[in-house]
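So the protein sequences, as listed, match chains A and B.
Throughout, the working numbering is defined as the position within the first sequence, counted from one, plus 1303.
Throughout, the working numbering is defined as the position within the second sequence, counted from one, plus 897.
C-beta: ideal position from N, C-alpha, C; glycine also.
In what follows, a single structure is set out as structure tokens and then discussed.
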Amino acid sequence: MPVTLSSNDIAAGEQRCSRGVSVAINDVSIAFDGRTVLENFDIEISAGEFVAIVGRSGCGKSTLLRSVVGLETPQNGTISLGKVADNVAEHHGKPDVRVMFQDSRLLPWKKILPNVMLGLDPALTAQARKVLAQVGLAERANDWPATLSGGQRQRVALARALVHDPNLLLLDEPLGSLDALTRIEMQQLIEDVWRSRGFTAMLVTHDVAEAISLADRVILIEGGRVAFDEIVNIPRPRTRGSARFAALEERILGRVLQRRPIVEDEW
Amino acid sequence: MKQGTMNQRQQSPALKTRFRPNIVAKQALPWAVPVLLLIAWQWAASVGILPSRFLPSPRAVGSSFIELSASGELWMHVRVSTLRALSGFAVGGGVGLLLGLFTASMHWAEILLDTTIQMVRNIPPLALIPLVILWFGIDESAKLFLVALGVFFPVYINTFHGIRSVDRGLLEMGRTYGLSGWRLYREIILPGALPSILVGVRFSLGLMWVILIVAETISARSGIGYMTMNAREFMQTDVMVVGILLYAILGKLADLLAKGLERYWLRWNPAYQSAQ
């Protein structure tokens, strides 16, 4: 399915398309112990696009994300990533994919800076410090993760992903366990780094408002298939109070809720 | 770390001034019972309730300690025993650690070895003393073997358990960051298993002395156990008590060492941070 970015997005992100890679998920089926999670699943994501995937818990949205990074292997179908543009081919053309999980998954036995530098060339310390400063935690470089708050840990996890300058960033409900205020702050931060770096982003969330405020496009998964795929045509920065925002949120929520199973039938 | 300790320091003056009398009491209190016992013991010995044939007075023990250490005899025995304990620990603990890492990491190794190890584990090492004497005589290797065998199992089991209980989420995260093989081991698996491994080490250090005492008491020509048994032949109760107290001190030192290792290696873990 061809995707067009809204005009202001194209204006804002000329170099975005050069950093990010496209993602093509074709006919993917995944089942666990005979229980189908995704069935003949297709989506195309263009380079530099920010896609939010919403759905009820257990709908397979996390599984989809995990299969993109290779943590799950589909029984059927293919997942392919596009080529990195020539001007950013520092990984020998192989796209760099990073994941941010719901829990920060920082190594408790490493201080903050070494955590950010996990799997990174030790020569790039300055780079790591810079990214840590970007997420506002420069002065915590020598602290243990245990001394940080949940929101700060997620910011470190974001820095750890960003320091590799990923072409594709997968966000698996990264803000799910944060309080409302920290969430909004983090959403802002994620949107800012996405706009400035232009990677492709896939965000899995159960929060429809979060999906609308961040994404170019919202995909709803139901019963292992795409139930809804819509471009968010609201200029950035988006304000939650706006009428268009509220109307879209209402529409998506309505779509999610109408399929609620009827409990009475069990009697 | 800086920030963390700063925060703690900012809090501590207020806490300290408020609880100062309590802190002094807390420091002194654990020693109250031993000191009282010591006084009672000395008193009982000096009024003659406690015949020195059964238990010498603390003063007699003290003077025999000074005498033995001045002649250098004591230090010779302590050195021999410590060397035995540590070399047995190094061999048994080392093999336990390696084998634990091996069986926990390779599924086929677990299938091949774990049942055997679990069977052998249930044999008390000290039950092997008759056989060991037969095999090794009362040589150094007999003591080394017994200590090594004894410390092997706690280290092995806790290493195995530690590796198996490393957070799956962290492993997954490490793989997505391109860690594999030795780097995954060094950065995630080993540090993740370390708390459990150190529990095994601490347990083994205690066991190490217990086994060595018995081994030395039964068959040795030197060492603290030999010194104690030898003193029994001549009814030198004061020397016997010196030997027994030495074991207590050495055991406590080994425990302090293990605690120190925990504090250092697990300093990232709030549960192991020193209380200062």
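Look up Asp1475 (chain A) in the DSSP assignment and say whether it is helix, strand or coil. Correct three-state label for Asp1475 (chain A): strand.
From what residue to what residue does the alpha helix (DSSP H) around Met1300 (chain A) run? Past the boundaries of the shown model lies residue 1300 (chain A); chain A is included only from 1304 to 1570, so the question cannot be answered.
Note down, in chain order, all residues in the segment 1396-1429 of chain A with a beta-carbon under 8 Å from any beta-carbon belonging to chain B. Near chain B, meaning a CB-to-CB distance below 8 Å, the residues of the segment 1396-1429 of chain A are Val1400, Arg1401, Val1402, Phe1404, Asp1406, Arg1408, Leu1410, Pro1411, Trp1412, Lys1413, Lys1414, Leu1421, Gly1422.
Compare the beta carbon distance of Arg1359 (chain A) and Glu1525 (chain A) with 9 Å and say whether it is the shorter of the two. Yes, they are a contact pair.
In the DSSP assignment, find the beta strand (DSSP E) that holds Asn1379 (chain A) and state where it starts and stops. Run containing Asn1379 (chain A): 1379-1384, per the beta strand (DSSP E) assignment.
Reduced DSSP category for Met1403 (chain A) - H, G, I as helix; E, B as strand; rest coil: Met1403 (chain A) sits in a strand when the DSSP states are folded into three classes.
Could you confirm whether any beta carbon from chain B is found closer than 9 Å to the beta carbon of Arg1554 (chain A)? For Arg1554 (chain A), not one C-beta of chain B is nearer than 9 Å to its own C-beta.
Beta-carbon spacing of Val1511 (chain A), Val1400 (chain A) below 9 Å: Their beta carbons are not under 9 Å apart, which means Val1511 (chain A) does not touch Val1400 (chain A) by this criterion.
Here's the rule: buried if 16 or more other CB atoms are within 10 angstroms of the residue's CB, otherwise exposed. What is Leu1368 (chain A)? Leu1368 (chain A) should be labelled buried.
Which of the three DSSP states is assigned to Asp1135 (chain B) in this structure? Asp1135 (chain B): helix per DSSP, three-state reduction.
Could you check if Leu935 (chain B) is buried or exposed, using at least 16 other CB atoms within 10 Å of its CB as the buried criterion? When all chains shown are included, Leu935 (chain B) counts as exposed.
Let me see if you follow: with CB-CB separation under 9 Å, is Trp1079 (chain B) close to chain A or not? Chain A, which has no Cβ nearer than 9 Å to the Cβ of Trp1079 (chain B), makes this no.
Could you pull out every unbroken beta strand (DSSP E) segment of at least 3 residues lying fully inside the segment 1519-1547 of chain A, listed in chain order? You should have 1520-1525, 1528-1534.
Nearest-angstrom Cβ-Cβ length linking Trp1106 (chain B) and Gly1071 (chain B), presumed shorter than 8 Å: That belief does not hold up - the Cβ atoms of Trp1106 (chain B) and Gly1071 (chain B) are roughly 39 Å apart, past 8 Å.
Given this structure, state the Cα-to-Cα distance separating Leu1009 (chain B) from Gly993 (chain B), to the nearest angstrom. Rounded to whole angstroms, Leu1009 (chain B) to Gly993 (chain B) spans 16 Å at the Cα level.
Tell me which residue opens and which closes the beta strand (DSSP E) that Thr1369 (chain A) is part of. It should be noted that the sequence gives Arg, not Thr, for residue 1369 (chain A). Judged by DSSP secondary structure, Arg1369 (chain A) falls outside any beta strand (DSSP E) and instead within the alpha helix (DSSP H) spanning 1364-1371.
Val1372 (chain A) CB to nearest chain B CB: under 9 Å? It does; some Cβ of chain B falls within 9 Å.
Which residues does DSSP pair with Val1044 (chain B) in a beta bridge? Paired residues: none, contrary to the question.
Could you work out which residues of chain B lie near Trp1497 (chain A), taking near to mean beta carbons separated by less than 8 Å? Think of a sphere of 8 Å around the beta carbon of Trp1497 (chain A): no beta carbon from chain B falls inside it, the nearest being about 19 Å out.
Continuous alpha helix (DSSP H) stretch holding Leu1484 (chain A): start and end: Its alpha helix (DSSP H) spans residues 1483-1500.
Burial state of Phe951 (chain B), where buried means 16 or more other Cβ atoms lie within 10 Å: With fewer than 16 other Cβ atoms within 10 Å, it is exposed.
Measure the alpha-carbon distance for Arg1160 (chain B) versus Thr1012 (chain B) and round it to whole angstroms. Rounded to whole angstroms, the gap between the alpha carbons of Arg1160 (chain B) and Thr1012 (chain B) is 34 Å.
With 9 Å as the C-beta to C-beta threshold (strictly closer), list the residues of the segment 1059-1084 of chain B near chain A in chain order. Against chain A - using a Cβ distance shorter than 9 Å - the residues of the segment 1059-1084 of chain B are Asp1064, Gly1066, Leu1067, Glu1069, Met1070, Gly1071, Arg1072, Thr1073, Tyr1074, Gly1075, Leu1076, Arg1080, Glu1084.
Determine, for Pro1377 (chain A), whether the minimum Cβ-Cβ distance to residues of chain B falls below 9 Å. For Pro1377 (chain A), not one C-beta of chain B is nearer than 9 Å to its own C-beta.
Mind checking Ser1365 (chain A): buried by the 16 CB within 10 Å criterion, or exposed? Answer is buried; the Cβ neighbour count reaches 16.
Residues of chain A with CB closer than 7 Å to the CB of Pro1167 (chain B), please, in chain order. What Pro1167 (chain B) touches in chain A: Ala1449.
Are the Cβ atoms of Ile1346 (chain A) and Thr1339 (chain A) separated by less than 9 Å? Result no, Cβ atoms of Ile1346 (chain A) and Thr1339 (chain A) do not sit closer than 9 Å.
What is the DSSP secondary structure of Asp1446 (chain A), counted as helix, strand or coil? Asp1446 (chain A): coil per DSSP, three-state reduction.
Do Pro1469 (chain A) and Ser1407 (chain A) have their C-beta atoms closer together than 9 Å? No, these two residues do not count as a Cβ contact at 9 Å.
How is Glu964 (chain B) classed by DSSP in three states: helix, strand or coil? Looking at Glu964 (chain B) - three-state DSSP - the assignment turns out to be helix.
Since Pro1088 (chain B) meets chain A, which of its residues come closer than 9 Å, beta carbon to beta carbon? At a beta-carbon threshold of 9 Å, the residues of chain A lying near Pro1088 (chain B) are Leu1410, Pro1411, Trp1412, Lys1413, ordered along the chain.
Whole-angstrom C-beta distance between Phe1050 (chain B) and Arg1018 (chain B), which should lie under 8 Å: Indeed, because the Cβ distance is near 5 Å, the residues count as touching under 8 Å.
Distance, Cα to Cα, Leu971 (chain B) vs Ile1035 (chain B)? The C-alpha of Ile1035 (chain B) is placed about 21 Å away from the C-alpha of Leu971 (chain B).
If we count the other Cβ atoms within 10 Å of its Cβ and call it buried at 16 or more, is Glu1084 (chain B) buried or exposed? Burial call: buried.
Nearest candidate by alpha-carbon position, reference Cys1578 (chain A), set A:Leu1471, A:Ala1431, A:Phe1548, A:Leu1341: Given that chain A is displayed from residue 1304 to residue 1570, the structure contains no residue 1578 (chain A) and the question cannot be resolved.
Here's a check: name, in chain order, each residue in its chain whose Cβ is nearer than 8 Å to the Cβ of Arg1500 (chain A), leaving out the five neighbours to either side. Excluding sequence neighbours, Arg1500 (chain A) sits near Arg1319, Arg1322, Leu1465, Asp1468.
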